[in-house]
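The block underneath contains the structure these notes are about, expressed in structure tokens.
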Amino acid sequence: MVELKRPLQPLNEDVLGQIRKYAKAVALDVRFKHSNVEWDFVAISNNFTPDAELEARMAGKPRGLIMELDDPIRIRVWAKTWGQIIQEAEGRLTFYKRRLEYQASDEEALAYLRAIDAAYLSEAVKARIAELDGGEAADEPKAIG
Numbered sequence: 013m014v015e016l017k018r019p020l021q022p023l024n025e026d027v028l029g030q031i032r033k034y035a036k037a038v039a040l041d042v043r044f045k046h047s048n049v050e051w052d053f054v055a056i057s058n059n060f061t062p063d064a065e066l067e068a069r070m071a072g073k074p075r076g077l078i079m080e081l082d083d084p085i086r087i088r089v090w091a092k093t094w095g096q097i098i099q100e101a102e103g104r105l106t107f108y109k110r111r112l113e114y115q116a117s118d119e120e121a122l123a124y125l126r127a128i129d130a131a132y133l134s135e136a137v138k139a140r141i142a143e144l145d146g147g148e149a150a151d152e153p154k155a156i157g
């Protein structure tokens with residue numbers, strides 16, 4: 013559950029209290045008691061008030077985690093700024109880019125396109141495959157390899 017605050021509304025004690033109440037309501041709701049679901053509640057705004065920022069810096073916990081429950085269901089409550097969210101996303105993107113470093117060749121891309129059902133391909137893609145195949149029709153999938 014994500015709560016977006018208007019840009020001028022900082023993450024303050026009231027906002028943190030409100031998002032905690034939402035989380036507690038779910039934790040105490042009998043409909044979710046035996047569900048095998050994890051919940052993350054996130055309050056997002058442009059900035060924190062100083063007192064709220066202190067709560068978002070708990071020792072031994074990820075930055076932004078303000079509450080964590082594991083019984084009767086697993087619930088985490090976060091308070092983050094847009095800057096933190098963007099920075100975390102950029103960090104994950106960099107990690108995956110470095111780990112994957114995958115560059116598909118034209119042959120690999122064509123092999124994949126030939127293997128999938130032609131019904132999912134646009135006419136332009138079918139025509140390009142046929143052109144690269146030397147004029148064969150791209151109506152039927154072909155085996156890779």
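Numbering-wise (this note's numbering), the sequence shown opens with residue 13 and increments by one.
Positions of the beta carbon are idealized from the N, C-alpha and C atoms, including for glycine.
Keep in mind the model is a prediction, meaning the values are calculated, not measured.
Name the two residues that bound the continuous alpha helix (DSSP H) containing residue i.
{"i": "residue 138", "result": "135-144"}
{"i": "residue 31", "result": "25-40"}
Excluding five sequence neighbours on each side, which residues of the same chain lie with their C-beta closer than 8 Å to the C-beta of residue i?
{"i": "residue 60", "result": "22, 23, 24, 68, 91 and 93"}
{"i": "residue 85", "result": "38, 39, 44, 45, 47, 49, 50 and 51"}
In chain order, what residues of the same chain lie with their CB nearer than 7 Å to the CB of residue i, ignoring the 5 residues before and after it?
{"i": "residue 52", "result": "88 and 90"}
{"i": "residue 38", "result": "44, 51 and 87"}
{"i": "residue 141", "result": "122, 125, 126 and 150"}
In terms of alpha-carbon separation, which member of the options lies closest to residue i?
{"i": "residue 117", "options": "108, 125 and 111", "result": "125"}
{"i": "residue 33", "options": "129, 20, 55 and 46", "result": "55"}
{"i": "residue 31", "options": "18, 78 and 42", "result": "78"}
{"i": "residue 36", "options": "58, 82 and 138", "result": "82"}
I'd like the span of the beta strand (DSSP E) that includes residue i, first residue to last.
{"i": "residue 92", "result": "86-93"}
{"i": "residue 52", "result": "50-57"}
{"i": "residue 113", "result": "Taken as a continuous stretch (DSSP letters only), residue 113 belongs to no beta strand (DSSP E), as it is neither H nor E."}
Measure the beta-carbon distance from residue i to residue j and round it to whole angstroms, keeping in mind my assumption that it falls under 8 Å.
{"i": "residue 112", "j": "residue 64", "result": "The Cβ separation is near 37 Å, so there is no contact."}
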